[in-house]
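Protein sequence lines correspond, in order, to chains A and B. In case it helps, my numbering puts the first sequence at residues 1 to 320. In case it helps, my numbering puts the second sequence at residues 321 to 787. Remarks on the structure that follows.
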Amino acid sequence: MFARSALGRSDQLVTALNSQKRQFVLTAATTALGSLLFSEDNRLASQMEKGLLHNKNAENSASIPNTANKFFSRPEAEYPGHVPLYTFEKMLMFLGSSVGAYTHPERNEFIVALGESTAITPVLRRLQHQMLSDPVGRQILRERPRMTSTSLDLEHLRELPDNTIGKTYVKWLDKEGVSPDTRVEVKYIDNEELAYIYQRYRECHDFYHAITGLPIIIEGEISVKVFEYMNIGIPMSGLGALFAPLRLKKSQKERLYNIYYPWAFKSGLNSKPLINVYWENILEEDIDEFRKTMGIEQPPDLRNLRKEYFKKLKEAKKIV
Amino acid sequence: MQDIVVIGGGPAGLSLLAALKSSPKTRHLSCTLIEGSSLQSVRDFLVEPPEEYTNRVVSLTPKSVEFMQQKVGNWDFIKQDRVRFYDNIVAYDSQDNDARIEFDATQIGAGVLAVMCENINIQSSLIGRLNELGMDDSTTILDNTKVIDITSPIHHDLDQHDLNEIDVNSGKSDLDWPIVKLSTGESIQARLLVGCDGYNSPVRKFAGIESRGWQYNTFGVVATIKMQYEDHRSIGWQRFLSTGPLAILPLSEDNATIVWSSTPWLSELLLKVNPDIFPHLINAGMTLEEVDLKYIYSMLDKDPNDFKVLDEIQWRLSKIDIKSLEENYPLPVVELIQNSRARFPLKLSHADTYVAPRVALVGDAAHTIHPLAGQGLNMGQSDVGFLVDALEKGIERGLDIGSTMVLDSYVANAWPGNHMMLGVCDKLHKVFTTDFGPVVLLRGLGIKSLNMAESVKDLMIKAISGR
Ligand SMILES: Cc1cc2nc3c(=O)[nH]c(=O)nc-3n(C[C@H](O)[C@H](O)[C@H](O)COP(=O)(O)OP(=O)(O)OC[C@H]3O[C@@H](n4cnc5c(N)ncnc54)[C@H](O)[C@@H]3O)c2cc1C
Chain A
1 MFARSALGRS
11 DQLVTALNSQ
21 KRQFVLTAAT
31 TALGSLLFSE
41 DNRLASQMEK
51 GLLHNKNAEN
61 SASIPNTANK
71 FFSRPEAEYP
81 GHVPLYTFEK
91 MLMFLGSSVG
101 AYTHPERNEF
111 IVALGESTAI
121 TPVLRRLQHQ
131 MLSDPVGRQI
141 LRERPRMTST
151 SLDLEHLREL
161 PDNTIGKTYV
171 KWLDKEGVSP
181 DTRVEVKYID
191 NEELAYIYQR
201 YRECHDFYHA
211 ITGLPIIIEG
221 EISVKVFEYM
231 NIGIPMSGLG
241 ALFAPLRLKK
251 SQKERLYNIY
261 YPWAFKSGLN
271 SKPLINVYWE
281 NILEEDIDEF
291 RKTMGIEQPP
301 DLRNLRKEYF
311 KKLKEAKKIV
Chain B
321 MQDIVVIGGG
331 PAGLSLLAAL
341 KSSPKTRHLS
351 CTLIEGSSLQ
361 SVRDFLVEPP
371 EEYTNRVVSL
381 TPKSVEFMQQ
391 KVGNWDFIKQ
401 DRVRFYDNIV
411 AYDSQDNDAR
421 IEFDATQIGA
431 GVLAVMCENI
441 NIQSSLIGRL
451 NELGMDDSTT
461 ILDNTKVIDI
471 TSPIHHDLDQ
481 HDLNEIDVNS
491 GKSDLDWPIV
501 KLSTGESIQA
511 RLLVGCDGYN
521 SPVRKFAGIE
531 SRGWQYNTFG
541 VVATIKMQYE
551 DHRSIGWQRF
561 LSTGPLAILP
571 LSEDNATIVW
581 SSTPWLSELL
591 LKVNPDIFPH
601 LINAGMTLEE
611 VDLKYIYSML
621 DKDPNDFKVL
631 DEIQWRLSKI
641 DIKSLEENYP
651 LPVVELIQNS
661 RARFPLKLSH
671 ADTYVAPRVA
681 LVGDAAHTIH
691 PLAGQGLNMG
701 QSDVGFLVDA
711 LEKGIERGLD
721 IGSTMVLDSY
731 VANAWPGNHM
741 MLGVCDKLHK
751 VFTTDFGPVV
761 LLRGLGIKSL
771 NMAESVKDLM
781 IKAISGR
């Protein structure tokens, strides 16, 4: 019932956009609904029974007069900062933020909201499953480490030898001009353990850049997202990989399709789950050793490739 | 020469003997029961039962209890302080703890859903009843005596006869009565030979009756345990894990028994896990998610004495809401009774028929069933009832009790009901031991709609309790 109304609404929302964009929103909405419906069937059955999957509109509650209020009171927060949302609100948030992220990719709030609204329970539960199946994953869930510029002691990392993970990481932060504190708090995910898992995933994201050496310019970001999607299965990354390239220039697309997508697919699939890496504990370890044990190949340096490309362009112009 | 020779002194064999001796119409028949192992512990139990519970415990339906009270007369000899009536079964799903179904017998005014009772308590009550009836020349129990051979004087044609280790040349007689050769060197010839001799029934093989079915490649691990304190809720708990159902069934006071159906690998693990870890493992099995269970099993597989798992279990338990833990789950298990763990291979089998000329099969000799609905021994009780009915009628009409004319009505009455029960339990087992997505979804929905559809449930309660 709700599926139809959501798609209906998305139709209205995108009539103003061109057909390509509509295609994206529909695909994305279907993907999200699909994973919502099929990935964790049984939990869904419970939700269905509790009425969580239904659009709790006036009509519904009118037929159950005595409990009408119960349906409209917001559930209690599960952890500090938690904003409990109804499923249909999450769907709206997803639709709104995906349109927003597409038209305003520079505005972080859309990206963040898109991330949280697509990181719906089934996906997070898959991550939780991965973590609970692994000793280190379990250790992380138990100790709940948080990554901030203070918890990581960046000064100390700067003094580590060049080939350590810590030094690679801090070098990458410095090169890209970002800090661990630029990550936003999770607030829309309902279960506190799942919320932590998503927080953890966000906080580790920079390490994925660091170990792969990919910059945060758009092509790098897309490549890391594909890599992440293959490795972890967060749909936000998959979506990013699907629609983001549409806005790229031809030369950028070629680099992506010929070099970075194949690399991301291969490395992402073959390497061990990155969510189970306790980064804080391996900062002093050798980065090449780490890549080897994890099964990650390093992609060609994107900035170098771009430089070469521009150099070639210039030379070509000079000649002409 | 005997009118009836019963092979097997398990619950089925002893029930049949006591029922025959209790009925005014069959009392006069000369009967001999032969049991391969010793029944001494059964007799001792009658005089002085051990302090702790034994590990073979069954759930009896009210119908079976009624049968014992009214037809066999052994219920008075049951040690009542060792049985536990319960009125509620809560079954739920490991892949979704919210998918649960409750059978509350009090809701349909039935009072009791089932009764937990040790096998040996039943067996000893039957001995008690037989003693009361008086063991005369027409009632003989030979224990410590194995049947080593069964022959038929008329089966001289080797090609026609299913041999199965049976020496056809030994018997020489003008009668077609089967001859039972015993480990004591004695031979007895019987007008009617009844096989209450369990799954591998030598009698069934002798009669050439085909039995169909399959091994589940699953073991039932049983154990006797102590709960934190006595649970006054009187609930039988069952959780469907992807490896098979785990049930905790109440006994008197803080005692309880478990049946944990599991894969061969898991059953081995359950038997070798440190006895002090075992109770916690049951608690984990009743509450935690499959992913945690798998992790814990793998830790214990590496080291069955790894007490670090307690920490893991505690941590994951702390994620469950306390109130829900108290209301929706069994009490914590705190102790494993020493040496009470054992495992039994589970299988489904059903004989094509229960009779042949001068032969009848009763109990596990005729059918074996998955224990998830606690029906095996109860089916044997209803077999005994139908067989005695058939013999009573045959005697009334002056017929030969070994003839198929008499025996056929036993099959006609007993077989279809058993077949249905076997089918239902087989389907339940198959539906619940899968983690194939669509089936899990359907069963989640199914179990919930079942829980809501009161009329369907009432029917099932009636079926479970045999009413
Ligand atoms: C784990 C588990 C849990 C169960 N839970 C329940 C439950 O909750 N409720 C329920 O109703 N049922 C339950 N059952 C089933 C129940 O235990 C059996 O159905 C019942 O014990 C069968 O009784 P029986 O007398 O037919 O056969 P058995 O108990 O197998 O008796 C056969 C007897 O024949 C003797 N015998 C065999 N061959 C010879 C020979 N050649 N010579 C002499 N003697 C011989 C054997 O020594 C044996 O004593 C459960 C079974 C298992 C494995």
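No residue lacks a Cβ here, since even glycine has one placed at the ideal position from N, Cα and C.
When C-alpha distances from B:Glu573 are compared across B:Met547, B:Val523, B:Gly683 and B:Arg717, the shortest belongs to B:Met547. Using a cutoff of 7 Å, the CB of B:Cys516 counts as near ligand 1, since one of the ligand's heavy atoms is closer than that.
Pairing B:His552 with B:Asp596, the inter-Cα distance amounts to about 25 Å. The beta carbon of B:Arg402 sits closer than 8 Å to the beta carbons of Pro369, Tyr373, Cys437, Glu438, Asn441, Leu571 and Ser572 from its chain, once the five residues preceding and following it are set aside; these are given in chain order.
In this structure, B:Gly718 has its CB at a distance of at least 7 Å from all heavy atoms of ligand 1.
Counting along the chain, B:Asn441 sits inside no beta strand (DSSP E); it lies in the alpha helix (DSSP H) bounded by residues Asn439 to Leu453.
Taking the Cβ of B:Ala332 as the reference point, at least one heavy atom of ligand 1 falls within a distance shorter than 7 Å. According to DSSP, residue pairing for B:Glu655 in a beta bridge involves B:Lys546. Within chain A, the C-beta atoms nearer than 7 Å to that of B:Val611 come from His129, Leu132 and Ser133, in chain order. Ranked by Cα distance from A:Tyr309, the first of A:Thr293, A:Gln252, A:Trp279 and A:Asn276 is A:Gln252. For A:Arg142, a Cβ of chain B is located within less than 8 Å of the residue's own Cβ. By the neighbour-count definition (other C-beta atoms within 10 Å, threshold 16), A:Asn231 is a buried residue. Remark: C-beta atoms of B:Leu656 and B:Phe706 do not approach each other more closely than 8 Å. Excluding the 5 residues flanking it on each side, B:Asn537 has same chain C-beta neighbours closer than 8 Å at Thr583 and Pro584, in chain order.
Under a 10 Å Cβ-count criterion, B:Ile555 is classified as buried, with 16 or more other Cβ atoms of the shown protein chains found around its own Cβ. Between the alpha carbons of A:Leu160 and A:Leu173 lies a gap of roughly 15 Å. With three or more CB-CB distances shorter than 8 Å, the stretch 271 to 279 of chain A counts as touching the stretch 197 to 207 of chain A. B:Val629 is positioned such that its CB atom lies no closer than 8 Å to that of A:Leu132. What A:Glu193 touches in chain B, judged by beta-carbon distance under 8 Å, is Lys639, going in chain order.
Your pair B:Ala338 and B:Arg449 checks out as a contact, with CB atoms roughly 5 Å apart and the cut at 8 Å. Pairing B:Val432 with B:Glu716, the inter-Cα distance amounts to about 36 Å. With a cut-off of 8 Å on Cβ pairs, the stretch 373 to 390 of chain B is in contact with the stretch 693 to 704 of chain B, counting three or more such pairs.
Here the distance from the Cβ of B:Val326 to the nearest heavy atom of ligand 1 is not below 7 Å. Apart from sequence neighbours up to five positions away, the residues of its chain that approach B:Pro565 with a beta-carbon distance below 6 Å are Gln558, Ser581 and Leu692, ordered along the chain. In this structure, DSSP gives B:Gln322 an extended state, which the three-state scheme calls strand. Out of B:Leu645, B:Thr673 and B:Tyr406, the CA that lies nearest to the CA of B:Pro382 is found in B:Tyr406.
Pairing B:Val514 with B:Ala734 gives a Cβ-Cβ distance that is not under 8 Å. Put simply, of B:Asp364, B:Ser343 and B:Glu371 the residue whose alpha carbon is nearest the alpha carbon of B:Lys391 is B:Ser343.
A direct Cα-to-Cα measurement between B:Cys351 and B:Ala510 gives close to 9 Å. If you ignore the 5 residues before and after A:Gln130, its C-beta comes within less than 7 Å of the C-beta of Gly137, Pro273, Ile275 and Asn276, all in its own chain and listed in chain order. Taking C-beta atoms as the reference points, B:Val523 and B:Ile642 fail to come closer than 8 Å. Setting aside the 5 residues that flank it on each side, B:Thr607 is surrounded in the same chain by Tyr649, each with a C-beta closer than 6 Å to its C-beta; the list follows chain order. Within chain A, Arg142 have C-beta atoms less than 7 Å from the C-beta of B:Trp635, given in sequence order. Chain-ordered, the chain A residues with CB closer than 9 Å to the CB of B:Tyr615 read Leu132, Ser133, Asp134, Pro135 and Arg138.
Under the Cβ criterion (8 Å, minimum of three pairs), the stretch 264 to 271 of chain A counts as touching the stretch 214 to 226 of chain A.
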